[in-house]
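Here the sequence shown stands for residues 16 to 332, where the numbers follow the numbering used here. Just below is one structure, and these are the notes that go with it.
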Amino acid sequence: MSGGRRRRMVGVAGLALASAACGRGPETTAPDRPRVALVMKSLANEFFLTMEKGARDHHAKNAARYDLLASGIKDELDVNAQATLVEQMIAQKADAIVLAPADSKALVAACKRAVDAGIAVVNIDNRLDAAVLAERGLRIPFVGPDNRKGARRVGEYLAGKLQRGDAVAILEGVPTTFNAQQRKLGFQDAIEAAGLKLVASQSGDWEMAKANQVAAALLAEHPELKALLCANDNMALGVVAARKAAAKEEAVRIVGFDNISAVADLVKKGKVLATADQHADQLAAFGIEYALEALEKKAPPADRETPVDLVTTETLR
16 MSGGRRRRMV GVAGLALASA ACGRGPETTA PDRPRVALVM KSLANEFFLT
66 MEKGARDHHA KNAARYDLLA SGIKDELDVN AQATLVEQMI AQKADAIVLA
116 PADSKALVAA CKRAVDAGIA VVNIDNRLDA AVLAERGLRI PFVGPDNRKG
166 ARRVGEYLAG KLQRGDAVAI LEGVPTTFNA QQRKLGFQDA IEAAGLKLVA
216 SQSGDWEMAK ANQVAAALLA EHPELKALLC ANDNMALGVV AARKAAAKEE
266 AVRIVGFDNI SAVADLVKKG KVLATADQHA DQLAAFGIEY ALEALEKKAP
316 PADRETPVDL VTTETLR
């Protein structure tokens, strides 16, 4: 990278998107340090706030190695706002972009423009669509968990508390995202293996309010339900509220995914049976390290699978 390129200061990300995105400015800038932009999904979701904290903690320990710019969108579904954030990082000539995409297909075009501009791109959390990447001739390393494996572990733990033939339902994430698809498949793997009866699978769009509405309708339509499997913890919180409103706190089990603090507290109290911890803070650090490696070697590193741990009352003791 030229010295002139590195001397350009990066402004506060998302400033032009005040109504649609949340931006964070760089910690510091220096002419001899690469600038790494972390572009996340909704900062209204505690998971991504944890991811951001992990990035800032990593930067604090490695301030001499790189400058950090962290940003995210307000609305989990605002794919256009996230694509615009990527475009801003291209315009401001960031050296690397670490992206947790809101949509597995829609963000590929923005990534292509970044790569064409000579910017190293690393994909974290939610995998970009392999077919669309291939169509664009892109090789972007992925750093993140096996969501199907993690969801299956959660589902298997739930199945151990139920009887064969019990009715269950799935609250999916945004259907166009790879991690939502994989978590649904993992839940289905566990449900089928245990001989449970899947009576419904509907999207809650990762959002608490939407999941609350969907769960309320499912509990009314399927009074026989014994459990609801939620593809993230934001939705699990909405389902907990719906279960309470339906006066079914003792009759219906709930599991989630992400291990945000509010759900971890509910797991401790026995109000949520289990969740999965995919270590959002570590994801950010791994992504940044991969970005720095790509800049140094001038080639994308191999994909890396990161851990997912089952969280239950027993593991939290």
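Ideal placement from N, C-alpha and C gives every residue a C-beta, glycine not left out.
- Task: Give the range of the alpha helix (DSSP H) segment to which residue 302 is assigned.
- Result: Taking the first residue of the sequence shown as position 1, residue 302 is located at position 287. Where residue 302 is concerned, the enclosing alpha helix (DSSP H) stretches over 295 to 312.
- Within 10 angstroms of the Cβ of residue 57, are there 16 or more other Cβ atoms? Answer buried if so, exposed if not. Translated into positions along the sequence shown, residue 57 becomes position 42. Its Cβ being crowded by 16 or more others within 10 Å, residue 57 is buried.
- Message: Need the endpoints of the alpha helix (DSSP H) that residue 159 sits in, please.
- Response: In the sequence shown, the residue the question calls residue 159 occupies position 144. Premise fails: residue 159 lies in the beta strand (DSSP E), 157 to 160, not in any alpha helix (DSSP H).
- Query: Sorted by chain position, which residues of the same chain lie with C-beta nearer than 6 Å to residue 209's C-beta, five sequence neighbours on each side aside?
  - Reply: For this step, residue 209 is matched to residue 194 along the sequence shown. Contacts found: 174.
- C-alpha distance - residue 288 paired with residue 325, whole-angstrom precision: Stepping through the sequence shown from its first residue, residue 288 is reached at position 273. Stepping through the sequence shown from its first residue, residue 325 is reached at position 310. Looking at the two C-alpha atoms, the distance is approximately 11 Å.
- Message: Is it the case that the stretch 272 to 280 contacts the stretch 84 to 96, given that we only count it when at least three CB pairs across the two stretches are under 8 Å?
- Response: no
- Please name the residue in 244, 197 and 310 whose C-alpha comes closest to that of residue 177. Translated into the one-based positions of the sequence shown, residue 177 becomes position 162. Nearest C-alpha to residue 177: 244.
- Item | Expected contact under 8 Å - CB spacing of residue 50 and residue 110 to nearest Å | Residue mapping note: residue 50 aligns to position 35 of the sequence shown, counting from 1. Residue mapping note: residue 110 aligns to position 95 of the sequence shown, counting from 1. Confirmed, about 5 Å.
- Item | Beta-carbon gap between residue 187 and residue 198 smaller than 9 Å | Taking the first residue of the sequence shown as 1, we reach residue 187 at position 172. Taking the first residue of the sequence shown as 1, we reach residue 198 at position 183. In contact: residue 187 and residue 198 (Cβ atoms closer than 9 Å).
- Roughly how many angstroms lie between the CA atoms of residue 102 and residue 151, to the nearest whole one? Translated into positions along the sequence shown, residue 102 becomes position 87. Translated into positions along the sequence shown, residue 151 becomes position 136. Their backbone Cα atoms lie some 17 Å apart in a straight line.
- In the DSSP assignment, what are the bridge partners of residue 268? Residue numbering aside, residue 268 sits at position 253 when the sequence shown is read from its first letter. Bridge partners of residue 268: 242.
- Message: Please report the straight-line C-alpha distance between residue 304 and residue 225, rounded to a whole angstrom.
- Response: By 1-based counting over the sequence shown, the position of residue 304 is 289. By 1-based counting over the sequence shown, the position of residue 225 is 210. Roughly 36 Å between the two C-alpha positions.
- Check residue 185 in the structure and name its three-state DSSP category. Position 170 of the sequence shown, counted from the start, is the residue given in the question as residue 185. Residue state, collapsed to three classes: strand.
- Rounded Cβ spacing between residue 290 and residue 318 (contact assumed at less than 8 Å): For the purposes of this step, residue 290 is identified with residue 275 of the sequence shown, where counting begins at 1. For the purposes of this step, residue 318 is identified with residue 303 of the sequence shown, where counting begins at 1. With 8 Å as the limit, residue 290 and residue 318 do not qualify as a contact, their Cβ atoms being about 25 Å apart.
- Considering only C-alpha positions, which residue in the set 237, 193 and 268 is nearest to residue 123? The residue labelled residue 123 in the question sits at position 108 within the sequence shown. Ranking the options by Cα distance to residue 123, first place goes to 193.
- Query: DSSP puts residue 215 in a beta bridge; with which residues?
  - Reply: Position 200 of the sequence shown holds residue 215. Paired residues: 184.
- Length of the line joining the Cα atoms of residue 137 and residue 237: As a first step, residue 137 is located in the sequence shown; it is residue number 122 there, counting from the start. As a first step, residue 237 is located in the sequence shown; it is residue number 222 there, counting from the start. If you take the alpha carbons of residue 137 and residue 237, they lie about 43 Å apart.
- Message: Would residue 258 and residue 270 qualify as a contact pair, given that the criterion is a beta-carbon distance under 9 Å?
- Response: Working through the sequence shown from its first residue, we reach residue 258 at position 243. Working through the sequence shown from its first residue, we reach residue 270 at position 255. Taking 9 Å as the Cβ cut-off, residue 258 and residue 270 do not qualify as a contacting pair.
- Query: Buried or exposed: residue 253, going by 16 or more other Cβ atoms within 10 Å of its Cβ?
  - Reply: On the sequence shown, position 238 is the one that residue 253 refers to. Buried is the call here.
- Can residue 189 and residue 82 be called in contact, C-beta distance under 9 Å? Working through the sequence shown from its first residue, we reach residue 189 at position 174. Working through the sequence shown from its first residue, we reach residue 82 at position 67. Contact flag unset, no.
- Proximity below 9 Å, CB of residue 113 to CB of residue 70: By 1-based counting over the sequence shown, the position of residue 113 is 98. By 1-based counting over the sequence shown, the position of residue 70 is 55. Yes. Within cutoff.
- Message: Using 9 Å as the threshold, is the C-beta distance between residue 241 and residue 182 below it?
- Response: Translated into the one-based positions of the sequence shown, residue 241 becomes position 226. Translated into the one-based positions of the sequence shown, residue 182 becomes position 167. Taking 9 Å as the Cβ cut-off, residue 241 and residue 182 qualify as a contacting pair.
- Beta-carbon spacing of residue 2, residue 184 below 9 Å: Any property of residue 2 remains undetermined from this structure, which presents the chain solely from 16 to 332.
- Query: Can you round the beta-carbon distance between residue 323 and residue 133 to whole angstroms, since I take them to be within the 8 Å contact cut?
  - Reply: Here residue 323 is taken as the residue at index 308 of the sequence shown, counted from 1. Here residue 133 is taken as the residue at index 118 of the sequence shown, counted from 1. Rounded, the Cβ-Cβ distance is 34 Å, inconsistent with contact.
- Can you tell which of 156, 207 and 140 has its C-alpha closest to the C-alpha of residue 171? Reading the sequence shown from its first residue, position 156 is the one you call residue 171. Nearest of 156, 207 and 140 to residue 171, Cα basis: 207.
- Query: Are the C-beta of residue 180 and some C-beta of chain B separated by less than 9 Å?
  - Reply: The displayed structure is made up of one protein chain only, and chain B is not part of it.
- Rounded to a whole number of angstroms, what is the C-alpha to C-alpha distance between residue 153 and residue 215? The sequence position of residue 153 within the sequence shown is 138, counting from 1. The sequence position of residue 215 within the sequence shown is 200, counting from 1. If I take the Cα positions, the gap works out to 37 Å.
- Message: Suppose the cutoff is 8 Å on Cβ atoms and the five residues either side in sequence are ignored; what does the same chain contact list for residue 330 look like?
- Response: Start at 1 with the first residue of the sequence shown, and residue 330 comes out as number 315. Same-chain partners within the cutoff: 324.
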